[in-house]
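Trainee:
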Amino acid sequence: MRSRYSAYCHHDKNPQCYSYIVQTYHSKARTLHSEADIADFAKAVRFIGLKIIDDAKLTSNQVHFIASYLAGDKLEMLDEVSDFELEQGRWMYCSGVLTEHPVVRLSRNDPCPCGSGLKFKKCQHCVQ
1 MRSRYSAYCH
11 HDKNPQCYSY
21 IVQTYHSKAR
31 TLHSEADIAD
41 FAKAVRFIGL
51 KIIDDAKLTS
61 NQVHFIASYL
71 AGDKLEMLDE
81 VSDFELEQGR
91 WMYCSGVLTE
101 HPVVRLSRND
111 PCPCGSGLKF
121 KKCQHCVQ
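If you want it as structure tokens, here you go:
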């Protein structure tokens, strides 16, 4: 799961990241996600944080995470309980259940949500 997040974060340095993300889908879900769609999404956002949630209610093949990302001046959260299945000795992503969060519009003088301590307009991690 973390490797998928890292691939989204570093897609601009390595175009093979899109192919990697497709390859991490379980074979029964892979045809639902094109490399072009993944690339379009990755290019439109900038991921700034990942938090794995420890949840005793989850099964051994589930992961609950919250990934925060910027889409322009909007802070969004991808809060998902993901289902993985073992396929040929590797855990592969199958699907997930999303929890909606309100989108937060950031102003230039707001603190940057990446935690740098800088204003949003000055943070090199978040300004594209």
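In terms of the numbering used here, the numbers along the sequence shown are unbroken and rise by one, the last being 128.
A virtual CB, placed ideally from N, CA and C, is assigned to each residue, including glycine.
What you are looking at is a predicted structure, and each value in this text was computed from that prediction instead of being measured.
Helix, strand or coil for D134? Go by DSSP, reduced to three states.
Mentor: The structure shown has nothing for residue 134, since the chain only spans 1 to 128.
Trainee: Please state the DSSP three-state secondary structure of E100.
Mentor: Looking at E100 - three-state DSSP - the assignment turns out to be coil, as it is neither helix nor strand.
Trainee: Which runs of the alpha helix (DSSP H), 4 residues or longer, sit entirely within the segment 10 to 84?
Mentor: Whole alpha helix (DSSP H) segments, 4+ residues: 16 to 23, 27 to 30 and 35 to 44.
Trainee: Which same chain residues end up closer than 6 Å to M77 when comparing Cβ atoms and leaving out the 5 residues on each side of it in sequence?
Mentor: Same-chain partners within the cutoff: I66, S68 and H101.
Trainee: To the nearest angstrom, report how far apart D83 and S6 are at their CA atoms.
Mentor: Spanning the two alpha carbons is a distance of roughly 18 Å.
Trainee: Closest to C112 by CA distance: which of I21, G49, L98 and L58 is it?
Mentor: The shortest C-alpha separation from C112 is found at G49.
Trainee: Based on Cα-Cα distance, which residue from Y18, L106 and T31 lies nearest to C94?
Mentor: That would be T31, whose Cα lies nearest to the Cα of C94.
Trainee: I need the straight-line Cα distance from F41 to A56, nearest angstrom please.
Mentor: If I take the Cα positions, the gap works out to 31 Å.
Trainee: State the Cα-Cα distance for the pair C123 and Q88, rounded to the nearest angstrom.
Mentor: Those two C-alpha atoms are separated by around 42 Å.
Trainee: What residues match up with S3 in a beta bridge as DSSP calls it?
Mentor: DSSP, once it has assigned bridges, lists no residue as partnering S3.
Trainee: Run the CB neighbour count on I53, radius 10 Å, all protein chains shown included, and call it buried at 16 or more, exposed below.
Mentor: Answer is exposed; the Cβ neighbour count stays below 16.
Trainee: Please determine, among E85, H26 and K28, the residue with the shortest C-alpha to C-alpha distance to T59.
Mentor: Looking at the Cα atoms, E85 is the closest of the given residues.
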